[in-house]
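*Asks:* In the numbering used here, the protein residues as written are 4 to 142. From the three backbone atoms N, C-alpha and C, an ideal C-beta is built for every residue, glycine too. Take this structure, written in structure tokens, and hold onto it; I'll ask about it next.
Rendered as structure tokens:
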């Protein structure tokens, strides 16, 4: 869930939070629209915190491994498009990249640490390429 405050016609300040596979996520950010129209490209940046999660279990071809994923902070940069539908609703899509600001790696608690398990942990951890869609409702 995200709340956006329209600071100017082209600039939103955002705050959001929710549950993800890597724990609770919360963040602050800004989104700058290049045009003040219903259809507009935008650029955005966010600072995101993920709480981490303990006891995350992966089964790769019958080999089970359990990990504790520590908390993590990342900076996000993204570009996207907004398509306004009426006065108060918009569809948004974005692509971006998250760079972890703290190097906290998942810890193997039990089981065997295979390449497939490590790949799964990299995909679920905060950081890397992001694709997102959103339905924006303005009041």
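Excluding the 5 residues preceding and the 5 following residue 84 in the sequence, name in chain order all residues of the same chain whose CB lies nearer than 6 Å to its CB.
*Replies:* Once the five neighbours on either side are set aside, the close Cβ partners of residue 84 are 44, 96.
*Asks:* Select from 6, 140, 25 the residue whose C-alpha is nearest the C-alpha of residue 86.
*Replies:* Closest option to residue 86, Cα to Cα, is 140.
*Asks:* Can you give me the C-alpha to C-alpha distance between residue 67 and residue 125, rounded to a whole angstrom?
*Replies:* So the alpha carbons of these two residues sit roughly 16 Å apart.
*Asks:* For residue 39, I'd like the list of residues in its chain whose CB is within less than 7 Å of its CB, leaving aside the five on either flank, ordered along the chain.
*Replies:* These residues qualify, in order along the chain: 12, 13.
*Asks:* Please name the residue in 137, 9, 92, 89 whose C-alpha comes closest to that of residue 35.
*Replies:* Cα-wise, what sits closest to residue 35 is 9.
*Asks:* What separation, rounded to the nearest whole angstrom, lies between the Cα atoms of residue 108 and residue 37?
*Replies:* Roughly 37 Å between the two C-alpha positions.
*Asks:* From residue 30 to residue 128, what does the alpha carbon distance come to, in whole angstroms?
*Replies:* Taking the straight line from one Cα to the other gives about 16 Å.
*Asks:* Identify, in the order they occur along the chain, each residue of the same chain with its Cβ nearer than 6 Å to the Cβ of residue 49, setting aside the five sequence neighbours on each side.
*Replies:* Contacts found: 30, 32, 79.
*Asks:* What does the alpha-carbon distance come out to for the pair residue 21 and residue 41?
*Replies:* Near 27 Å, if we compare the C-alpha coordinates of residue 41 and residue 21.
*Asks:* For residue 16 and residue 104, I'd like the C-alpha separation in whole angstroms.
*Replies:* Approximately 21 Å between the Cα atoms of the pair.
*Asks:* At what residues does the beta strand (DSSP E) containing residue 95 begin and finish?
*Replies:* Here the beta strand (DSSP E) through residue 95 covers 92 to 103.
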